[in-house]
């Protein structure tokens, strides 16, 4: 009889067990209100999803019956807004007037406007059938003068009773509030587990037969004997190492890698080899793949060698364009930002600097035509980054009309337009020195004059200074005379091109010495490095699949089913998760 009574209680408890909501299916809300509190229950497919009960405040107790019933609906929707908003709702109330759109109270009209955000359907249900919601609106309360109820009897309900009732294992686990955990890795500190695995390992048995003097049995726990390796000439009481069976090797490496907060391969091996031995331990550690390490740790030397770069030998054959800025100058207590267009001949290093009034594509193209195309021989090739000014259709049409090849670099890769980026550093140094040493302008016109003066000074300095790769100044090479003295100069372009090629190859060799040899292949998974990450911010995103490998040090990766990106190998690393 007692067992049947407990089983009946188990049935009642299982009947009110909350179900997990499905937002693709309709919800049914039953609400009710009494003199002192409101209550509601949210149902889905005949099973409760959520219960709600709340006491009225002093002012709310003075509301009319209709207002209390409407307030119960509003408070329920507010409480479970994140679950109910945007779903199909059916609200059941035992106050028939709420099912009509006529309302005489301003308060009810405001509440009704809020309820309409959920687009529910309202139904009338007789009070005698609205039992569940009515129960939550009349829950017994403990007033301050009442004594605390003492539990006089308690008993445990057998778990098997609920398992038989619920039938579904997943639902049974949720009822017991048990978390679903992944299969745990066997603890390598468990001596009994190590002993059992050693006894079934054929490799250890073979090693003991070949080297019986090096494999000894040590009692590391009460009545637990572990096979240990002692190298020849070592003290068996001090210099012993647990012989790891093959079945435990990878799990032990993963366990220590996690417990030690993801150390590198060298540190992990040094730690493990102090008390564990396996002939393949180092190789398995080197082959360890960890998603956490790949995404968050510094990658160190880059993967993949940089390709050789083609060196141009004829002046004005190739130019590089870019924008520099914004630079800030203070005018009458307000900051004024300006940009400049930079154009440089990659052979002679002759540079043009032009202030821009705005950064629109039309204005940038106009300045490009005036400053270079109208003054110098037209180039065969233009190097530029994927800035909005240079990927605009107007800029592409201009280059196509003049039969100029567009060489677009990759995003966030300064080395793709290294000539311009290096020149920007020099220009920045000149501008900072000049602006900060001069008197601050008081009008916008004065500021523009100062900026133009700064750019002209920087441009003259770059044209007259000796370029290391040229052995001469850019201005002297272009104009065939010294930039200060009336002395003619004849340039040996063949020697200059040879010297530049040697410098480029030497710089490439030095960079590749700091990189790992690695060949990216189609369908490889890679991580994309985050541009300028914060100290504790995420350092990579991905993994992404390589769809194409280019010969110029770039690869194309698929960011989404319909989006790809061409990116330099400097900004990716292999995914080893």
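Residue numbers (this note's numbering): -13 to 563.
We put the CB at the ideal spot given by N, CA and C, even for glycine.
With a cut-off of 8 Å, does the C-beta of residue i fall near any C-beta of chain B?
i: residue 279; result: The structure shown contains no chain B, having only a single protein chain.
Please return the same chain residues whose Cβ sits closer than 6 Å to the Cβ of residue i, not counting the five positions on each side in sequence.
i: residue 477; result: 463
i: residue 263; result: 215, 227 and 229
i: residue 455; result: 486 and 489
i: residue 542; result: 533, 534, 550 and 552
i: residue 437; result: 324 and 341
i: residue 574; result: Only positions -13 to 563 of the chain appear in the structure, and residue 574 is not among them; the question remains open.
Can you give the Cα-Cα distance for residue i and residue j, rounded to whole angstroms?
i: residue 388; j: residue 532; result: 35 Å
i: residue 509; j: residue 560; result: 11 Å
i: residue 45; j: residue 9; result: 35 Å
i: residue 41; j: residue 3; result: 23 Å
i: residue 539; j: residue 295; result: 10 Å
i: residue 188; j: residue 194; result: 10 Å
i: residue 516; j: residue 553; result: 12 Å
i: residue 440; j: residue 313; result: 12 Å
i: residue 163; j: residue 35; result: Residue placement at residue 163 is flagged as unreliable, the pLDDT there being 48, under the threshold of 50; the coordinate-derived value follows with that caveat. So the alpha carbons of these two residues sit roughly 16 Å apart.
i: residue 239; j: residue 225; result: 21 Å
i: residue 330; j: residue 396; result: 19 Å
i: residue 54; j: residue 113; result: 15 Å
i: residue 505; j: residue 219; result: 45 Å
i: residue 132; j: residue 48; result: Since pLDDT at residue 132 reaches only 44, below the 50 mark, its modelled position is unreliable, and the value read off the structure follows with that caveat. Spanning the two alpha carbons is a distance of roughly 25 Å.
i: residue 524; j: residue 518; result: 10 Å
i: residue 497; j: residue 556; result: 11 Å
i: residue 178; j: residue 209; result: 10 Å
i: residue 19; j: residue 31; result: 24 Å
i: residue 493; j: residue 499; result: 10 Å
i: residue 343; j: residue 375; result: 14 Å
i: residue 369; j: residue 237; result: 52 Å
i: residue 451; j: residue 491; result: 24 Å
i: residue 56; j: residue 92; result: 12 Å
i: residue 444; j: residue 335; result: 14 Å
i: residue 272; j: residue 251; result: 6 Å
i: residue 12; j: residue 97; result: 22 Å
i: residue 345; j: residue 460; result: 28 Å
Which residue wins for smallest C-alpha separation from residue i, given the options the options?
i: residue 74; options: 55, 56 and 102; result: 102
i: residue 547; options: 530, 504 and 308; result: 530
i: residue 470; options: 196, 485, 447 and 490; result: 447
i: residue 482; options: 244, 30, 358 and 332; result: 332
i: residue 319; options: 494, 428, 20 and 47; result: 428
i: residue 431; options: 11, 316 and 396; result: 316
i: residue 520; options: 537, 284 and 414; result: 284
i: residue 202; options: 310, 223 and 273; result: 223
i: residue 200; options: 305, 207 and 213; result: 213
i: residue 107; options: 115, 86 and 116; result: 86
i: residue 68; options: 242, 7, 354 and 449; result: 7
Can you round the beta-carbon distance between residue i and residue j to whole angstroms, since I take them to be within the 8 Å contact cut?
i: residue 15; j: residue 77; result: 5 Å
i: residue 393; j: residue 367; result: 6 Å
i: residue 25; j: residue 38; result: 7 Å
i: residue 337; j: residue 328; result: 7 Å
i: residue 378; j: residue 347; result: 4 Å
i: residue 372; j: residue 302; result: Not confirmed; about 24 Å, so no contact.
Identify, in the order they occur along the chain, each residue of the same chain with its Cβ nearer than 8 Å to the Cβ of residue i, setting aside the five sequence neighbours on each side.
i: residue 279; result: 248 and 562
i: residue 501; result: 287, 288, 289, 290, 291 and 292
i: residue 475; result: 458, 462, 463, 466, 467 and 468
i: residue 130; result: Because the pLDDT of residue 130 is 46, which lies under 50, any placement of that residue in the model is unreliable, and the number read from its coordinates should be weighed accordingly. Counting only Cβ-Cβ distances below 8 Å, and skipping sequence neighbours, we find nothing.
i: residue 235; result: 264, 266, 267 and 270
Leaving out five residues on either side along the sequence, give the residues of the same chain with a beta carbon under 7 Å from the beta carbon of residue i.
i: residue 63; result: 70, 101 and 104
i: residue 380; result: 347, 348 and 351
What residue range is occupied by the uninterrupted alpha helix (DSSP H) comprising residue i?
i: residue 436; result: 430 to 450
i: residue 354; result: 347 to 354
i: residue 247; result: From DSSP, residue 247 is part of no alpha helix (DSSP H); its letter is neither H nor E.
i: residue 460; result: 460 to 465
i: residue 333; result: Taken as a continuous stretch (DSSP letters only), residue 333 belongs to no alpha helix (DSSP H), as it is neither H nor E.
i: residue 358; result: Note, residue 358: premise wrong, no alpha helix (DSSP H); not H, not E.
i: residue 70; result: 67 to 70
i: residue 384; result: 379 to 387
Where does the unbroken beta strand (DSSP E) through residue i begin, and where does it stop?
i: residue 337; result: 337 to 342
i: residue 26; result: 23 to 30
i: residue 78; result: 75 to 79
i: residue 550; result: 549 to 554
i: residue 289; result: Where residue 289 is concerned, there is no enclosing beta strand (DSSP E), given that its DSSP letter is neither H nor E.
i: residue 528; result: 526 to 535
i: residue 18; result: 13 to 19
i: residue 311; result: 304 to 317
i: residue 110; result: 107 to 110
i: residue 545; result: 540 to 546
i: residue 468; result: Careful: residue 468 lies outside any beta strand (DSSP E) and carries neither H nor E.
Beta carbon of residue i: closer than 7 Å to some heavy atom of the ligand MN?
i: residue 536; result: Judged by which ligands are present, the structure shown has none, so any question about the ligand MN falls away.
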